Amino acid sequence: MLNAASFAAVRRTVEGAVERAALPASFRELLRIPLQQHGKILTDDERPLWPAVVLAACRSAGGESAFGVTVAAATELFMTGLDVLDEVEDGDSSALVELAGPAQALNVSTALLLLGQQILLGLVADGLPPTRVALLAQTLTAAGLAATGGQHRDLANESDQTVSTDEALSIARSKAGTLVAGACRMGALLGTTDTDTLALYETLGGHHGTAAQLANDLHGAENTANKTDVERQKGTLPLLYARAVATGEPATIAASGALHFTWVILEIERQRCVQLLDTLAARGHLVADLRDLLGKVG
Amino acid sequence: MNLQAIETIVRRLFSDVEFRASAISDPATALAEYRLAADEQRAVTKLCVQLAGGNRLAAGEVQGGWWWG
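Heads up: the sequence lines are chains E and Y, in that order.
First residue of the first sequence: 371, per my numbering; consecutive thereafter.
First residue of the second sequence: -17, per my numbering; consecutive thereafter.
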């Protein structure tokens, strides 16, 4: 099972990478800020999510845990870099931007993306075959690139009141779905290079990421006290559904069936994950940790 | 995924009292005309079961930390 020791090892790897980066101390302090946010590795969170996905997939596919720790750390750094970019692009509230401004935040995200890649490439010196390292780097890069395409669509649709629920779901798949697919594939690559098996892990990650995004959007539509999705009329699935029949007020969002509609789609994505987990289990993969992660979603 | 069919069904569940009652009592018959895929049928049926107990959704924990849109 994933345990505190695994995450502590990932934390040490991330901290070590930041320290050894030969960057100004003041810059290293800024790098730590996004890594200290909720759900990230330098907090007290029991299971930071990106490392959890990578470690669970690595264990499931029979990969070596030491390599899993390094890949988890690389993925966490890379995804945190993307998070910072997303905050700047969306104008979301950001501890880093508030402290240091958008220019510094963009520079931090660049460093985090590159640090992630640097750790990954360092696996050659640790004994992982270079071809495997190349596959890992390729997977991470491809996932990030695909997600920028999804982000482009999301940003382009921002002021468009006619966006369909189909488009909203497609964007969720191309952002969160693609990134979790990449993380899952990376973990699995430490245990196998079988094309069919890797495709199963990637598809599983895609459905899991999409389900998690839908759960977050459901939460954003339902809990207006702490979220700004409704205020900002974000193009999430529940809010697009509700816009067609309601004024956008919280009470009418619920009454329109928007939350229930989103829940159905989330449930379909979750069921698809379960089917894929069952297929992997039937092939002897140790999917318990992946099932546990899925159980936390929606 | 047939998103349009699912959207249509949910809108009916929230606007058509008779349809809602029949979907809750016999989801298979009520949903037959929509020709849903197996996983869609299961999910919508699960919704109908939940609606039988009131409008509250049974939702799991939502975690932050992903690259949310």
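Where is the CB? At the ideal position from N, CA and C, for every residue including glycine.
Here the structure is a predicted model, which is why all the values come from computation and not from measurement.
Under 8 angstroms, Cβ to Cβ, is there at least one residue of chain Y near residue i?
i: E/Gln641; result: yes
i: E/Ser626; result: yes
i: E/Val533; result: no
i: E/Val380; result: no
i: E/Val634; result: yes
i: E/Leu629; result: yes
i: E/Tyr611; result: yes
i: E/Glu623; result: A quick correction: the sequence has Ile, not Glu, at residue 623 of chain E. So, not an interface residue.
i: E/Glu537; result: no
i: E/Glu528; result: no
i: E/Ile638; result: yes
i: E/Thr440; result: no
Taking residue i and residue j to be in contact with their CB atoms under 8 angstroms, please state how far apart those CB atoms are, rounded to whole angstroms.
i: E/Leu485; j: E/Ala391; result: 6 angstroms
i: E/Asp496; j: E/Thr440; result: 7 angstroms
i: E/Ala628; j: E/Pro608; result: 4 angstroms
i: Y/Ile6; j: E/Phe631; result: Actually they are not in contact, since the Cβ atoms of Y/Ile6 and E/Phe631 sit about 17 angstroms apart, beyond 8 angstroms.
i: E/Thr509; j: E/Gly552; result: 5 angstroms
i: E/Leu664; j: E/Leu588; result: The Cβ separation is near 16 angstroms, so there is no contact.
i: E/Val423; j: E/Val550; result: 6 angstroms
i: E/Leu372; j: E/Arg417; result: 7 angstroms
With a Cβ-Cβ cutoff of 8 angstroms, do residue i and residue j count as a contact?
i: E/Phe437; j: E/Leu493; result: yes
i: Y/Arg24; j: E/Gln641; result: yes
i: E/Arg464; j: E/Ala475; result: Here the sequence assigns Ser to residue 464 of chain E, which means Arg is not the residue at that position. Yes; because the gap between Cβ atoms is below 8 angstroms, this pair is in contact.
i: E/Glu457; j: E/Val467; result: yes
i: E/Leu452; j: E/Gly557; result: no
i: E/Glu434; j: E/Leu560; result: yes
i: Y/Val26; j: E/Val634; result: yes
i: E/Val380; j: E/Pro421; result: yes
i: E/Ala384; j: E/Leu400; result: According to the sequence displayed, residue 384 of chain E carries Val and not Ala. The answer is no: Cβ separation not under 8 angstroms.
i: Y/Glu15; j: Y/Asn(-16); result: no
i: E/Asp662; j: E/Arg429; result: no
i: E/Ala431; j: E/Thr562; result: yes
i: E/Thr445; j: E/Lys410; result: no
i: E/Ile638; j: E/Ala591; result: no
i: E/Val503; j: E/Leu515; result: no
Skipping 5 residues on each side, what residues in its chain have a beta carbon closer than 7 angstroms to that of residue i?
i: E/Gly520; result: Ile541, Ser544, Lys545 and Thr548
i: E/Arg555; result: Thr509, Leu568, Tyr571, Glu572 and Gly575
i: E/Pro472; result: Val458
i: E/His655; result: Ser430 and Ala431
i: E/Leu419; result: Gly409
i: E/Leu498; result: Phe437
i: E/Ala427; result: Cys554, Gly557, Ala558, Tyr571 and Leu660
Taking 8 angstroms as the threshold (beta carbon to beta carbon), is residue i in contact with chain E?
i: Y/Phe(-4); result: yes
i: Y/Glu15; result: no
i: Y/Glu22; result: yes
i: Y/Val(-1); result: no
i: Y/Ile(-12); result: yes
i: Y/Ala25; result: yes
i: Y/Val31; result: no
i: Y/Arg(-7); result: yes
In its own chain, which residues sit with a C-beta less than 8 angstroms from the C-beta of residue i, not counting the 5 before and 5 after it?
i: E/Leu610; result: Val533, Ser534, Thr535 and Ala538
i: E/Ala651; result: Val657
i: E/Leu412; result: Arg381, Val384, Glu385, Arg402, Leu405 and Gln406
i: E/Arg653; result: Thr567
i: E/Ala387; result: Ala443, Leu447, Leu485, Gln488 and Ile489
i: Y/Ala19; result: Met(-17) and Asn(-16)
i: E/Asp415; result: His408 and Gly409
i: E/Glu389; result: Arg398
Starting from the C-beta of residue i, find all residues in its chain whose C-beta is less than 6 angstroms away, skip the five residues before and the five after it, and write them out in chain order.
i: E/Leu447; result: Leu482, Leu485 and Gly486
i: Y/Ser4; result: Ala12
i: Y/Arg2; result: Leu(-5)
i: Y/Pro9; result: Thr27 and Cys30
i: E/Ala507; result: Leu490
i: E/Gly605; result: Asn527, Val533 and Ala538
i: E/Ala470; result: Leu400
i: E/Ala612; result: Ile623, Ser626 and Ala628
i: E/Ala517; result: Lys545, Thr548 and Leu549
i: E/Asp462; result: none
i: E/Asp365; result: There is no way to answer for residue 365 of chain E, as the model of chain E reaches only from 371 to 668.
i: E/His577; result: Glu639, Arg642 and Cys643
Is any heavy atom of the ligand MN found at a distance shorter than 7 angstroms from the C-beta of residue i?
i: E/His577; result: No copy of the ligand MN appears in this structure; indeed no ligand is present at all.
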